[in-house]
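When the letters of the sequence shown are read in order and numbered with our numbering, they come out as residues 8 to 667.
Just so it is clear, CB atoms sit at the ideal spot from N, CA and C, and this is done for glycine as well.
Quantities reported herein were computed from a predicted structural model and do not represent experimental measurements.
Okay, structure first, notes after.
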Amino acid sequence: MENAKCKKPLILLVLSLVLLIIGAFISRYIWTSKGTVRIEEVEFTDDNGAPLRGIVYIPNGVTAENPAPGVIVNHGYSSSTDALELDAIELSRRGLVVMAMDGYDHGTSGAPTPLKKADATTGDYGIYSVVQYFGKLPYVDKTKIGVTGHSMGAENSRGSTLRSYQAHETDPSIITPKAVFLQANSPKLTKEGVEPLNAYPIDYGVSVGRWDEFAIMLWGIPKASDYKNTKAFKAMVGIEAPEYDTLYAYGSDTPLTREQAIQAGEEGKLRIGWIQDNTHSFLCFNGLAAARTLEFFDLSLCGGKLAEKLPYTDQIWHYKVIGASMMLAGFVLLMIALGMTLLQTAFFKPIVQPEPVSLITLHDGKAKGMYTAFYVFSFLVPAFLFTWANEIRVHATWANVIAPQIKFPTTNFWNLPVVNGAVVFNVVHGAIMIALFAVIYFLIAKPNGGKFSSTGLTVSPEKIGKSILLAIVVFVIFYIVVHIFHAATGMEFGFYKFYIKAMSADKWGRFIKYFLFFFVYALISGVLLNSITRVNGLKEWQNFLLMLVVSVGGLALFQFVNYQVLYKTGYQLLFFVPGTAAAKGAVPVGALAAAGLTGGGLPNCYSGIVLYASFFSVPAGTVLTRVFYKKTGNVWAGAMLVGLFSTFLAVCGANVGRIL
8 MENAKCKKPL ILLVLSLVLL IIGAFISRYI WTSKGTVRIE EVEFTDDNGA PLRGIVYIPN
68 GVTAENPAPG VIVNHGYSSS TDALELDAIE LSRRGLVVMA MDGYDHGTSG APTPLKKADA
128 TTGDYGIYSV VQYFGKLPYV DKTKIGVTGH SMGAENSRGS TLRSYQAHET DPSIITPKAV
188 FLQANSPKLT KEGVEPLNAY PIDYGVSVGR WDEFAIMLWG IPKASDYKNT KAFKAMVGIE
248 APEYDTLYAY GSDTPLTREQ AIQAGEEGKL RIGWIQDNTH SFLCFNGLAA ARTLEFFDLS
308 LCGGKLAEKL PYTDQIWHYK VIGASMMLAG FVLLMIALGM TLLQTAFFKP IVQPEPVSLI
368 TLHDGKAKGM YTAFYVFSFL VPAFLFTWAN EIRVHATWAN VIAPQIKFPT TNFWNLPVVN
428 GAVVFNVVHG AIMIALFAVI YFLIAKPNGG KFSSTGLTVS PEKIGKSILL AIVVFVIFYI
488 VVHIFHAATG MEFGFYKFYI KAMSADKWGR FIKYFLFFFV YALISGVLLN SITRVNGLKE
548 WQNFLLMLVV SVGGLALFQF VNYQVLYKTG YQLLFFVPGT AAAKGAVPVG ALAAAGLTGG
608 GLPNCYSGIV LYASFFSVPA GTVLTRVFYK KTGNVWAGAM LVGLFSTFLA VCGANVGRIL
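What follows is the structure, encoded as structure tokens:
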């Protein structure tokens with residue numbers, strides 16, 4: 008029996024490494040289009056003095072003697088080069104050169120010091136310089152350059168294109184894109200109602216999700232499905248009644264055939280607006296969206312020849328998701344295996360002990376009723392808090408928080424808006440959990456013989472120290488493995504909103520600043536899960552299921568209901584963020600009133616997108632908390648490891664906000 012216990016951690020360790028190696032192989036194989044595309048890292052300094060870093064996809068056979076059309080793909084807010092991998096993989100797979108760069112202070116790029124709104128606006132997060140750099144690569148046909156981006160990346164794509172043409176008027180050496188394609192964003196008009204890009208020979212397209220959460224912010228309308236009726240889209244196409252999914256030449260309301268569209272593309276007059284059954288962020292994780300990108304650049308840059316090579320729907324990028332999923336699971340399993348292995352060593356073995364009994368025993372109907380009531384309350388609280396906490400921090404410059412007054416603004420010190428939202432959530436939810444524990448312990452558990460030692464907090468200082476050290480060692484080894492795989496493959500590991508990324512030195516500074524908030528929250532959560540959610544007498548799988556559901560179930564249910572309402576009505580269940588009032592001029596009030604959306608407040612745009620990341624981090628944290636508590640009988644090892652891992656997940660993909 009003892010021998011079997013010793014072998015189990017080794018088996019887990021081997022399994023985790025197998026998942027990581029196979030997952031990395033699959034991911035790299037697809038990333039390079041089965042070895043037919045070469046990936047190169049690039050770095051240069053932009054015109055504002057910021058160091059920009061990214062990658063270039065170079066298809067086999069593309070050389071200075073045989074240059075190819077090229078496309079620059081730009082990530083959205085709080086993302087990095089991997090956000091539009093589906094476009095980069097599918098375009099390069101068909102023979103185009105693709106450059107994916109990190110914008111200012113995103114991913115591994117730097118920023119002007121200090122990063123100001125003016126720098127971000129006039130420098131379009133560095134993408135103007137990216138266009139100039141890209142066009143000078145010897146294997147890129149500089150007469151056939153396209154620019155696309157998602158959300159903020161689309162805005163930067165448009166801004167860099169306009170700036171390039173304006174600079175070209177006085178300096179003919181400035182390189183200008185031939186085509187620009189906005190994903191999950193809108194054209195921008197002057198005060199006179201003119202889209203300035205129409206003055207130049209530019210092919211112009213947009214792709215919008217029918218259920219885009221940002222419709223009110225981007226198009227000035229509550230429902231994205233109505234964007235064809237906006238002044239911005241009409242001005243872009245140049246006609247009064249443009250239709251979706253219809254090819255036009257600028258200024259003409261006659262729909263074009265494919266052949267006519269290719270001709271319009273050659274003349275720089277092609278216009279198209281696609282509508283898709285997607286939300287804002289799912290445009291960068293959807294095969295139809297990738298097909299639209301392929302079609303647009305085929306018509307505008309390639310004369311329709313891409314479709315002759317491969318159908319637009321013939322895609323492989325989603326296989327990389329399989330490899331990435333294996334790696335995410337492998338990394339979590341690695342931490343468990345490392346911890347279990349270290350606990351067998353002479354140094355850490357003294358902290359191994361049976362877990363204490365829970366404070367909860369369901370001995371009669373009254374106890375079951377009270378447990379159910381507290382469980383449902385704990386289940387629902389995160390769902391109500393999440394939208395409020397994240398929206399008021401991400402969009403702090405647009406909102407006046409009415410009640411309660413919690414001030415944690417984005418500053419040059421606390422400079423990660425998305426993480427700030429998580430911190431507000433952690434602080435408020437943590438306080439609620441402490442109050443809940445106090446009620447249960449003093450009114451229910453203690454009068455019935457429950458002991459505070461069941462929390463796993465009251466162990467000797469030596470065991471606390473070794474438990475914390477165990478978690479630190481596990482995390483350090485975990486990160487070394489992450490870095491090894493990153494160095495070997497050049498990739499980040501994950502998909503959509505679920506990522507594990509190697510971090511630059513400056514992000515470790517941010518990690519240290521935010522860590523305490525995540526550690527204390529993990530400590531509080533670990534106590535409640537193991538001493539109150541866990542029920543004496545239930546099987547382990549039953550208790551674990553109770554913990555998992557109470558941790559993430561409320562969030563998942565809210566996300567499901569919120570988006571089902573959005574899909575059916577065009578509006579989210581929470582269109583406005585509770586407890587907020589929109590700053591004057593932030594949203595077009597008339598459009599809201601016309602849609603019957605009264606009451607006002609800050610539009611709920613970003614929180615649902617941010618929430619998806621929790622569906623990896625929260626279950627992973629629950630697993631780690633439970634495994635280490637059960638093995639050590641104390642909450643410290645699991646809380647420390649979850650605190651480190653949660654902070655890492657929050658910081659590794661987060662970036663400085665647009666406005667500081």
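Endpoints, beta strand (DSSP E) assigned at residue i
i	result
Gln-283	277–286
Thr-52	44–52
Phe-502	500–502
Phe-505	505–507
Local Cβ density within 10 Å of residue i, reported as buried at 16 or more and exposed below that
i	result
Thr-120	exposed
Trp-548	exposed
Gly-42	exposed
Asp-252	exposed
Ser-461	buried
Tyr-64	buried
Gly-561	buried
Thr-379	exposed
Gln-571	exposed
DSSP beta-bridge partners of residue i
i	result
Val-213	Leu-189 and Gly-280
Arg-101	For Arg-101, which the question treats as bridged, DSSP gives no partner whatsoever.
Pro-66	Val-44
His-157	Gln-190
Ala-256	Leu-277
Pro-610	Phe-583
Trp-218	Thr-286
Pro-58	Thr-52
Val-80	Ala-107 and Thr-155
Ala-438	For Ala-438, which the question treats as bridged, DSSP gives no partner whatsoever.
Val-147	Ala-75
C-alpha distance - residue i paired with residue j, whole-angstrom precision
i	j	result
Gly-280	Asp-210	12 Å
Glu-362	Phe-635	10 Å
Phe-32	Ala-478	29 Å
Thr-237	Pro-194	10 Å
Gly-275	Trp-421	45 Å
Ile-668	Trp-38	This structure cannot settle anything about residue 668, because the visible part of the chain is limited to 8 through 667.
Phe-302	Leu-98	A small correction: the amino acid at residue 302 is Glu; Phe does not occupy that position in the sequence shown. For Glu-302 and Leu-98, the distance between alpha carbons rounds to 10 Å.
Glu-220	Ser-232	11 Å
Ser-171	Ile-79	14 Å
Leu-263	Ile-269	9 Å
Pro-229	Val-584	15 Å
Lys-520	Tyr-84	22 Å
Ile-367	Arg-541	7 Å
Thr-21	Leu-350	Note that residue 21 is Val in the sequence shown, not Thr. In a straight line, the C-alpha of Val-21 is about 17 Å away from that of Leu-350.
Val-480	Leu-651	11 Å
Met-647	Leu-169	49 Å
Ser-23	Gln-139	44 Å
Gly-376	Lys-458	22 Å
Pro-357	Asp-112	45 Å
Phe-444	Ala-512	39 Å
Leu-103	Ala-644	50 Å
Lys-15	Ile-343	11 Å
Arg-278	Pro-318	22 Å
Val-431	Ile-616	17 Å
Ser-259	Tyr-146	36 Å
Phe-338	Met-243	47 Å
Ala-452	Pro-468	26 Å
Lys-185	Pro-76	10 Å
Gly-660	Ser-87	8 Å
Ser-474	Ser-288	40 Å
Ala-442	Leu-535	11 Å
Extent of the continuous alpha helix (DSSP H) run through residue i
i	result
Lys-473	468–496
Ala-644	643–659
Ile-451	Element bounds for Ile-451: n/a, residue is neither H nor E.
Gly-615	614–618
Ile-134	134–142
Phe-623	621–639
Met-243	238–244
- Within the region 285–325, note down every full alpha helix (DSSP H) run reaching 4 residues or more, in order along the chain. 294–308 and 313–316
- Whole beta strand (DSSP E) elements within the region 527–592, 3-residue minimum: 587–589
- What are the uninterrupted segments assigned as beta strand (DSSP E) that are 3 or more residues long and contained completely in the region 349–395, given in chain order? none
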